[in-house]
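The listed protein sequences derive, respectively, from chains A and B. Counted from 1, the first sequence has number 16 at position 16 by the numbering used here; the numbering is strictly sequential. Counted from 1, the second sequence has number 929 at position 77 by the numbering used here; the numbering is strictly sequential. First up is the structure itself, then whatever we jot down about it.
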Amino acid sequence: MDIERFKYKRRLRFGWLLKMAWRDSRRNRSRLFLFISSIVLGIAALVAIFSLGDNVRSDIDSQAKTLVGADLVIESNKRVSSRIRPLLDSLGDQRSIERTFASMIYFTKNDGTRLVQVRALEGDYPYYGSIETTPARASRAFRNNRQALVDKTLMLQYNAKVGDSIMIGDVTFAIAGVITKAPGRTGISTTVAPPVYIPLKYLDSTGLIQKGSRIATAYYYKYNNPATIGSIVSGIEPRLEKEGLDYDTVEERKKNTGRAFENFNQFLTLISFIALLLGCIGVASAIHIYMREKIASIAILRCLGVNSSQAFLIYLIQIVTIGLIGSVLGAVLGIVIQQQLPAVFKDFLPVQVTTTMSWKAISQGLISGVVISLLFALLPLVSVRNISPLYTLRLAVEHVRFRDPLKWLVYAIILFFVAGFTWWQIHDWRQAIVFTLSILAAFLLLSLVALLLRWLVRRFFPTSWNYLWRQGFANLYRPNNQTLILIVTIGLGAAFIGTLYFVQDILISRVTLSGSGNQPNMVLFDIQNNQKDSVAALAKQYKLPVMQQVPIVTMRVEEINKQTSSQVKQDTSSGFRTEAYEWEFRVTYRDTLTSSEKLTAGKLYGPVKTADDVIYISMEDRYAKRIHVNLGDHIIFNVQGTLIPTVVGSLRQVDWQRVQTNFRVVFPTGVLEEAPQFHVLVTRVPSPEVSAGFQQAVVKKYPNVSVIDLNLILTVLDEVLDKIGFVIRFMAGFSIITGLIVLVASVLISKFQRMQESILLRTLGASRKQILFITALEYFFLGALAAATGILLSMAASWALAKYSFNAPFTPHWLPIVVLFAAISLLTVIIGLFNSRSVLNKPPLEVLRKEV
Amino acid sequence: METILNVKNVSKTYQGAGQTLTVLNDVNFAVEAGSTVSIVGPSGSGKTTLLGLCAGLDRASLGSVELNNIKLDKLSEDERAQVRNRYVGFIFQNFQLLPTLTALENVMVPLELRGEKNIRSRSITLLEKVGLQNRMHHYPAQLSGGEQQRVSLARAFSNNPRILFADEPTGNLDVETSDKVIKLLFDLNQEAGTTLIIVTHNMELASQTKRIIKIKGGHLVADELN
């Protein structure tokens, strides 16, 4: 026989590979379950969120009409001119009008007062869907009587019942029903100013409509043939735009609602994805150790003639099967979780969400789960190709190469997959890359800390310490140590929990800071010129300080450097932003700066004395930068039809954190005194009792004046933050529990690694207490270092968020940090000891027979 | 007679810690088909390394190994794996059975890899020959050392190898069990007409082969007929 006669045939024999994969897994199935458990929650979260997304999208489609309540809505924030009124009166086959404004209401039964959003309605709106009320007939009945519909939360807050009375301005309304749901309103949007519906015909008699009052008007139209809406809208659009009116159609709302929801959904998906990634680290670590234990079996197979591809495929089949089982379990759990999501997110969802099973979401979750777990598993798996049959001959010179250059390719594919997945969710490559790099940076940093720890312990090993301490320390770097994987997984978990806590703390402290000390905590607005002095006197009567009393004039920008809004829109090279023309400015006039302002450029020119004087205004510097306006630019303002030419004379830095009136534009005195205006009074109330008494007096005497009680806002904000916090905690729960599972799995796997030597120590006479101490010491070091790194990472992230996103100071409280650190360290030690109990409690021989 | 194994000027060196370690130095010998040969020598003499090279588990640093007229040093690792599956059988000191496979499955593996037919009945016959008809469905951990080595024998002969390499086949067994296993090994070998190469430092075992090759410090120091 000759070499020429030996023809190599590369045969895979797939059937045999499947059989071998099955046989090989026999005695490891409980271990394989650990791998599965790491990814189950991540996939469950993904499937649940994907399904929620699918359901909400189809629900938006099917419920879009009820979101708008009409075929066409035209909205205006200012008085509608007589030029456009004939058009507005001619549109649609059915019409309704709704006028909306902020006002105080007064519960006559218990003297309760509260700022609400009054919605004065005329017509049969909504034409699609309904204002859901208890009792149901109230939503129609209130329109014909002097009755009101009151928001559910408001009714609860003031312990009001249907049939009770409320006062709005000068008119008393009977409460006809409780609003449980109104078109297009989510829980959060109604929290600060809950809605109260009244019939439009009583609006004038409330006496609340006065010059300068800020009232929005919506015209609702129903068409017998809604298909014509598109052409109608394109026909009237230029005229509406010219008059500064906005419009909304079912299609527009569908797009806008969908867009808003997509942002929310992207956030949820990325959090779920982080849970899956965390689980995948667990998979990679577990497979790494699994493959180490399989070296002998692979070497035997190689001796018997198995080629490298076959050896690789036997384990690949196992991993894919595990990934698939994990993904299917995750998907099933995801479907169960999905049933609960509408309840969890109810305050954030724009539509009534159904919980239909989405096969698309399930297959997306399954594919994502299998692919990502496989990619992470490939990291240790590619090394299988390098296992030599020589291992069977116990030749120590032959080491298995776990550093395979192919791993770099797998790393690259993983990064590409993560970035690709993120892009698939947010459709923005830049953000996808930032997200991927941030996760990579966290991984690298934690890995670096782990490597540094191993190096430091080795370099500065405390040789003079007693044996138990030395053994505990040495476990951190000896072969089969779990230092890297445990520090990365525990560290990431700690970083996640820490960041959540800090962000919540920043948001809450940012608000509470404003309301503490001698800062103002009550703002009265819509005070008319003739009420200015008497409202101030009323405040003094209640011994409340008048901390600020400022006039406010509303106006719009007509021209900037001779360019109108339409010119700017056409001239794309123009630097001015069109938003400057669309904004309704609330402007005050004075010749001095307040304590929250600082001049950054130009100067304040003082009062305007003659009609020929140039009017120098002062603009907030950041806003000026945003709309590309500089010192010396000419701006013409439109104040209720009167055009006022001005020049930007100064730029100011404004501290918006203070509870006081702050302005983007400040006029000098001598210009706006005669313009339609209202006043704002800022004060501080010492207690809720004084606040209630004062508000009642104000509402009774000056029904047009609205009061914002900052304490109430704080309570509301607290509730809102609680709701947001709950959603974040709910989603973060997936990552945290996954982190715990990975931790348990890693520690359990490291138990198998440590088993041999612990048994040896036991055989040599080490006491239970001594083994316990060595084990506890190793896990304490790992837990403590991982927790410390994770917390530091979260502090860095929170600091960056505070500085760049929330524009707030970051002053972390130390006690919760210490508690978090201690809790994570302790948890690691407890899990470590709990999993090692079989070594501690049983005779060495029994353990050897059973587990090795 | 046909030469089944031809070792020509074979050297094996390892690089490590800045120095070169020569384990085998210019070893030459040839083995005729159907013969029985022992490779003996003290611990660390290089005999296991020589067995690894002869069986195609590793490549020589210098020289060439021809097994069944196939030049092993020209083949890739996967090609050598196929050569092993077709022509080579192994018996190891520590048995090297796959722990997750039953005794029967362990014996079936080489045949399954070749895609042959009647695998099960042939494997059962082999296990019956080594006296394990009642232990076929036991896992290695449930078998004694002697039983494990008998499974290993059955596996080694299952693919009708042209050459069988045994690395210290009795190294982990007591004297009584060793004798039984050795008898079984020689009986099966005679029946199959396989070439048998045993690496051992047990001179009593070596004396049962027709030829003894002595290795010392990586050199072939003697090649004697028994």
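Just so you know, even glycine gets a beta-carbon here, dropped at the ideal spot from N, CA and C. Given the structure is predicted, the values throughout are model-derived calculations rather than measurements.
Given a cut-off of 7 angstroms, decide if residue j and residue i are closer than it, judged by their beta-carbon atoms.
i         : j         : result
Thr901/B  : Leu876/B  : yes
Arg586/A  : Ile552/A  : yes
Val1027/B : Arg1002/B : no
Cys280/A  : Ser373/A  : yes
Val744/A  : Ile824/A  : no
Ile74/A   : Tyr219/A  : yes
Gly365/A  : Val47/A   : yes
Val250/A  : Ser205/A  : no
Leu484/A  : Leu278/A  : no
Leu978/B  : Ser1010/B : yes
Leu643/A  : Glu558/A  : yes
Val503/A  : Ser798/A  : yes
Asn861/B  : Gly898/B  : no
Gly908/B  : Arg938/B  : no
Lys598/A  : Gln653/A  : yes
Leu631/A  : Val614/A  : no
Val829/A  : Phe780/A  : yes
Strictly below 8 angstroms CB to CB, what residues from chain A border residue i?
i        : result
Phe942/B : Cys303, Leu304, Thr392
Leu995/B : In chain order: nothing, as chain A lies at least about 14 angstroms away.
Leu909/B : Cys303, Ser388, Pro389, Leu390, Thr392, Leu393
Identify the residues that DSSP records as bridge partners of residue i: which are they?
i         : result
Asn638/A  : Arg556/A, Leu643/A
Asp246/A  : Glu75/A
Gly177/A  : Leu149/A
Asp709/A  : Met522/A
Glu98/A   : Leu121/A, Ala218/A
Ser916/B  : Lys860/B
His679/A  : Ile527/A, Pro551/A
Ala882/B  : Asn858/B
Asp1075/B : Ile1065/B
Glu980/B  : Answer is none; Glu980/B lacks a bridge partner.
Arg974/B  : According to DSSP, Arg974/B bridges with nothing at all.
Can you pull the chain B neighbours of residue i, defined as C-beta to C-beta under 7 angstroms?
i       : result
Arg26/A : Thr952
Arg23/A : Thr952, Leu953, Glu957
What residues from chain A crowd round residue i, counting only those whose CB sits closer than 7 angstroms?
i        : result
Glu968/B : Result: empty, since nearest Cβ-Cβ is about 11 angstroms, beyond 7 angstroms.
Asn937/B : Leu304, Gly305
Ala933/B : Arg302, Gly305, Val306, Asn307
Glu964/B : Trp16
Just to confirm my understanding: we take residue i, look at its own chain, exclude 5 residues before and 5 after, and list those with CB closer than 7 angstroms. What are they?
i        : result
Asn858/B : Ala882, Glu918
Ile298/A : Ala311, Val384, Ile387
Asp885/A : The shown model of chain A, from 1 to 852, leaves out residue 885/A, and the question about it has no answer.
Ile971/B : Met960, Leu963, Glu964
Check the C-beta distance from residue i over to residue j and give it rounded, since I have them as a contact under 8 angstroms.
i        : j         : result
Ala886/A : Ala494/A  : Here chain A has residues from 1 to 852 only, and residue 886/A is not among them.
Thr888/B : Thr1061/B : 4 angstroms
Ile287/A : Ala377/A  : 5 angstroms
Ile322/A : Leu32/A   : 5 angstroms
Val196/A : Val116/A  : 5 angstroms
Leu681/A : Ala580/A  : The Cβ separation is near 29 angstroms, so there is no contact.
Leu903/B : Ile891/B  : 7 angstroms
Keeping to the same chain, check which residues put their C-beta closer than 8 angstroms to that of residue i; ignore five residues upstream and five downstream.
i        : result
Thr952/B : Tyr991
Arg146/A : Val171, Thr172, Phe173, Ala174, Pro199, Tyr202
Which residues in the same chain as residue i place their Cβ atom closer than 6 angstroms to its Cβ, once the five residues preceding and following it in sequence are excluded?
i         : result
Glu4/A    : Bear in mind that a pLDDT of 45 at Glu4/A, under 50, signals an unreliable position, so the number given afterwards is only what the model happens to contain. Taken in chain order, the list of residues that qualify is empty.
Asp709/A  : Met522, Ser691
Asp655/A  : Ser596
Leu486/A  : Ser746, Leu782
Gly326/A  : Ile36, Ile39, Val40
Ile737/A  : Leu41
Leu1040/B : Phe1009
Show which residues of chain B have a CB atom less than 8 angstroms away from the CB atom of residue i.
i        : result
Trp814/A : The contacting residues do not exist; Trp814/A stays about 50 angstroms from chain B at best.
Arg860/A : Residue 860/A lies beyond the stretch modelled for chain A, which goes from 1 to 852, so this question has no answer here.
Ser853/A : It is not possible to answer for residue 853/A, since the shown part of chain A is limited to 1 through 852.
Within 7 angstroms of any Cβ in chain C, is that where the Cβ of residue i sits?
i        : result
Val879/B : The displayed structure is made up of protein chains A and B, and chain C is not among them.
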